[in-house]
Amino acid sequence: MMEPKRILAVDIGGSKLLTAMADVSAEGEVSFSGEVRRDLAAGLGKDEIFAAVTDAVDRTLLLTGAGNGFDALGVTIPGLADPKTARWLYAPFSGIRDFPIGELLARKYNCPVCGENDVNACAWAERLFGACRGVDDFLWVTVSNGIGGGLVLGGKIFAGHFGCAAEFGHLKVVDGGALCGCGGHGCLEAEAAGPAIARRYAQKTGKEGLSARDIAEAARRGDPDAREVFRKTGELLGKGAAAAANLLNPEAIVFGGGVAGAFDLFREGLKEKFNADIMTFANKNVRILKTELGYEAGLFAAASLPYR
Ligand SMILES: [Zn+2]
């Protein structure tokens with residue numbers, strides 16, 4: 003059982019912002035109200051992001067009539083974050099450095115603020131509200147335009163010495179492969195995220211400009227090239243997942259993010275490569291799961307933070 007709380011959930015993404023009031027019951031059920039969504043233009047500075055956040059939060063408070071009647075504010079941060087102070091340390095996509103967003107929100111709304119890197123927060127939310135309830139050791143993987151990872155070990159978020167643990171997307175899976183945003187070659191992110199799915203399909207068919215979602219739809223209609231691309235994507239994810247399992251011996255590996263909507267299309271390739279590469283005796287019972295948090299994963303993630 004959990005302590006019921008009313009939490010103002012703030013999910014800051016790379017290109018959008020979501021806020022909502024989250025009512026968490028003793029059974030761990032979450033109901034959201036007063037949802038507000040705002041697009042975030044690329045390259046916004048600290049002041050502009052803070053203005054967008056407070057505008058959305060004020061709107062959620064107005065819609066729900068909550069006033070100050072909530073227990074805490076949880077905020078997910080798209081980049082490196084200090085979980086103790088909810089300070090946004092670094093965002094690779096916008097150049098933000100050392101932004102005390104937690105402190106500013108606590109002062110403005112006069113409430114406790116809990117912040118965390120967004121992927122770590124998603125992992126924690128999966129443990130509280132999703133597919134990993136009661137699971138102490140697991141890896142959470144998001145596959146969308148990039149690939150990220152979050153680790154829960156020993157029942158706690160494992161952030162690593164410099165806060166950068168579980169960079170699952172930068173495991174090298176193809177020798178001399180595609181150039182990655184990190185500067186390396188053949189990273190999982192460069193070989194198996196949404197843009198890589200589109201690239202591989204275009205190479206096979208000459209059809210440019212399709213999204214991973216379009217290609218998933220084609221695969222479901224029986225397009226053999228699309229099915230093959232997802233199978234290959236699954237094998238690459240399986241190779242990375244096996245490397246992670248051999249290192250960590252987790253109870254589960256959970257896949258979320260936009261491309262995880264095509265989990266059914268890459269599961270078979272993933273499981274085959276995973277089973278081929280794991281040290282079988284140690285990892286034969288590792289469960290490969292799809293997230294149960296769905297479209298609102300980011301809001302669940304924000305709502306989970308006051309329960310760390
Ligand atoms: Zn990389």
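Per this note's numbering, the very first residue in the sequence shown carries number 3; after that it's consecutive.
Note that beta-carbon positions come from the ideal geometry of N, C-alpha and C, so glycine has one too.
Please list, in chain order, all residues of the same chain as residue 69 whose beta carbon is under 8 Å from its beta carbon, the five residues on each side excluded.
Indexing the sequence shown from 1 puts residue 69 at position 67. So the list reads 63, once near-sequence residues are dropped.
If contact is defined by three or more beta carbon pairs under 8 Å, each pair taking one atom from either stretch, is the region 137-156 in contact with the region 98-110?
no
Taking residue 193 as part of the alpha helix (DSSP H), name the residues at either end of that continuous run.
Sequence index remark: in the sequence shown, residue 193 carries index 191 (1-based). From DSSP, the alpha helix (DSSP H) with residue 193 extends over 190-194.
Can you tell me which of the three DSSP states residue 72 falls into?
Position 70 of the sequence shown, counted from the start, is the residue given in the question as residue 72. Three-state DSSP puts residue 72 in coil, outside helix and strand.
I'd like to know whether the C-beta atoms of residue 77 and residue 304 end up nearer to each other than 8 Å.
As a working note, residue 77 is residue 75 in the sequence shown. As a working note, residue 304 is residue 302 in the sequence shown. Yes, these two residues count as a Cβ contact at 8 Å.
In whole angstroms, give me the CA-to-CA distance for residue 272 and residue 141.
Working through the sequence shown from its first residue, we reach residue 272 at position 270. Working through the sequence shown from its first residue, we reach residue 141 at position 139. Each residue's alpha carbon lies about 15 Å from the other.
Kindly give me the distance between the Cβ atoms of residue 32 and residue 21, rounded to whole angstroms, as I take these residues to be in contact under 8 Å.
Position 30 of the sequence shown, counting from 1, holds the residue named residue 32. Position 19 of the sequence shown, counting from 1, holds the residue named residue 21. Between residue 21 and residue 32 the Cβ distance is about 14 Å, and since that is not below 8 Å, they are no contact.
Which residue or residues does DSSP assign as beta-bridge partners of residue 9?
For this step, residue 9 is matched to residue 7 along the sequence shown. Per the DSSP secondary-structure output, residue 9 pairs in a beta bridge with 24, 74.
Using 8 Å as the cut-off, can you tell me whether the region 247-255 makes contact with the region 217-228, which would need three or more C-beta pairs spanning the two stretches below that distance?
no
Comparing C-alpha positions only, which one of 279, 211, 10, 183 sits nearest to residue 67?
The residue given as residue 67 occupies position 65 in the sequence shown. Of 279, 211, 10, 183, the residue nearest in Cα terms is 10.
Look up residue 241 in the DSSP assignment and say whether it is helix, strand or coil.
Here residue 241 is taken as the residue at index 239 of the sequence shown, counted from 1. Helix at residue 241.
Name the one or two DSSP bridge partners that residue 111 has.
Looking up residue 111 in the sequence shown gives position 109. Paired residues: none, contrary to the question.
Count the C-beta pairs between the region 119-133 and the region 288-301 that are closer than 8 Å, then say yes if the count reaches three, no if not.
As far as the Cβ criterion goes, the region 119-133 touches the region 288-301, which means the pair count is three or higher.
Just verifying my parser: in three-state terms, what is the DSSP assignment at residue 144?
Taking the sequence shown and counting its residues from 1, the one referred to as residue 144 is at position 142. In the structure shown, residue 144 sits in a strand (DSSP, three-state: E or B).
Ligand 1 and residue 166: does any heavy atom of the ligand fall closer than 7 Å to the residue's C-beta?
For the purposes of this step, residue 166 is taken as residue 164 along the sequence shown, with counting starting at 1. Checking the Cβ of residue 166 against ligand 1 gives no.
Which residues in the same chain have their Cβ closer than 6 Å to the Cβ of residue 17, if we skip the five residues on either side of it in sequence?
Taking the sequence shown and counting its residues from 1, one reaches residue 17 at position 15. Once the five neighbours on either side are set aside, the close Cβ partners of residue 17 are 42.
Leaving out the 5 sequence neighbours to the left and right, which residues in its chain are closer than 6 Å to residue 35 when beta-carbon positions are compared?
The sequence position of residue 35 within the sequence shown is 33, counting from 1. So the qualifying residues of the chain are 23, 66.
For a quick check, are the C-beta atoms of residue 178 and residue 171 less than 8 Å apart?
In the sequence shown, the residue the question calls residue 178 occupies position 176. In the sequence shown, the residue the question calls residue 171 occupies position 169. No.
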